[in-house]
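With the UniProt record's numbering, letter number 67 in the sequence shown gets 67, and the count goes up by one each step, no holes.
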Amino acid sequence: MAKTSRLKKLKSRTIGTHDLKDRYAGFYQGAGLACLLSAILERPESYPGFLIDEQPVHPPFEFCISAAGFKSRDPISSRILSETFSTPTLHIVGKMDNIISPEYTKSILDVSTNKRIEEHDGGHFIPSKAPWRKFLIEWMRKGREEDIPSPEVATSTTTTPAASGTATPVGDGNVNANVVPSIESSG
Numbered sequence: 001m002a003k004t005s006r007l008k009k010l011k012s013r014t015i016g017t018h019d020l021k022d023r024y025a026g027f028y029q030g031a032g033l034a035c036l037l038s039a040i041l042e043r044p045e046s047y048p049g050f051l052i053d054e055q056p057v058h059p060p061f062e063f064c065i066s067a068a069g070f071k072s073r074d075p076i077s078s079r080i081l082s083e084t085f086s087t088p089t090l091h092i093v094g095k096m097d098n099i100i101s102p103e104y105t106k107s108i109l110d111v112s113t114n115k116r117i118e119e120h121d122g123g124h125f126i127p128s129k130a131p132w133r134k135f136l137i138e139w140m141r142k143g144r145e146e147d148i149p150s151p152e153v154a155t156s157t158t159t160t161p162a163a164s165g166t167a168t169p170v171g172d173g174n175v176n177a178n179v180v181p182s183i184e185s186s187g
């Protein structure tokens with residue numbers, strides 16, 4: 001009982017002295033947590049630990065970014081995410097992700113009703129090329145209201161053909177003979 005009282009005091013002090021953040025981005029397990037917290041903040045009564053004097057400890061998030069996310073098999077997550085949540089959520093999915101199976105990815109997509117799904121051709125990472133950086137910035141600024149073009153469209157137009165000699169050197173064994181450095185514009 002004393003532990004609960006100390007926790008309430010700590011939450012009250014922290015919330016009273018710090019700006020509340022209204023966005024959450026997570027990768028892998030953090031992405032699952034981001035979605036779970038989004039659902040809890042929409043329905044704080046579903047998890048009484050998020051209530052102080054029967055009031056939510058935090059308002060719902062403005063948006064959520066879930067990269068390589070999934071729905072945990074944890075009993076709390078399973079219970080709370082048995083219902084949908086509607087926080088605007090950007091789901092970033094690697095087509096070649098060998099850590100998160102398509103079934104796990106689908107488990108979180110199925111309960112996210114206000115979602116945008118962006119796939120990339122890579123694996124278990126968040127893409128960092130210029131089109132993705134620009135897309136993420138735009139989506140965070142205003143993308144929930146506007147139709148921002150997919151970063152994969154911009155990325156796919158700059159792909160180097162495998163047999164071009166720039167990605168796979170060809171020639172007399174001199175590895176550097178036919179390699180042309182590729183410089184992407186970062187602006």
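Idealized CB from N, CA, C, for every residue including glycine. Owing to the predicted nature of the structure, the values given are computational and were not obtained by experimental measurement.
Using CA atoms only, rank isn't needed, just tell me which of Gly30, Ala68 and Ala34 is closest to proline 88. Here residue 88 is taken as the residue at index 88 of the sequence shown, counted from 1. The candidate whose alpha carbon is nearest that of proline 88 is Ala34.
> What does DSSP give as the partner residues of glycine 94 in its beta bridges?
Replying inline: Counting from one through the sequence shown, the residue named residue 94 turns up at place 94. Paired residues: His120.
Beta strand (DSSP E) segments (min. 3 residues) lying fully within the region 14 to 94: 23 to 27, 63 to 67 and 89 to 94
Original post:
So does the region 60 to 70 actually touch the region 79 to 99, counting three or more Cβ pairs closer than 8 Å?
Top reply: yes
Checklist entry - Between leucine 109 and the rest of its own chain, which residues show a CB-CB distance below 8 Å, the 5 nearest in sequence each way excluded? => result By 1-based counting over the sequence shown, the position of residue 109 is 109. Cβ within range, chain order: His91, Lys115 and Ile117.
Presumed contact (8 Å Cβ cut-off) between alanine 31 and glycine 69, rounded CB distance:
By one-based count along the sequence shown, residue 31 stands at place 31. By one-based count along the sequence shown, residue 69 stands at place 69. Their Cβ separation, rounded to whole angstroms, is 3 Å, which keeps alanine 31 and glycine 69 in contact under 8 Å.
Item checked: Residue range of the alpha helix (DSSP H) that includes serine 137 -> Sequence index remark: in the sequence shown, residue 137 carries index 137 (1-based). It should be pointed out that residue 137 corresponds to isoleucine in this sequence rather than to serine. Taken as a continuous stretch (DSSP letters only), the alpha helix (DSSP H) holding isoleucine 137 covers 130 to 138.
Query - Contact belief for phenylalanine 27 with isoleucine 148 at Cβ below 8 Å, rounded distance in angstroms - result: As a position in the sequence shown, residue 27 is number 27, starting the count at 1. As a position in the sequence shown, residue 148 is number 148, starting the count at 1. About 21 Å; that fails the 8 Å criterion.
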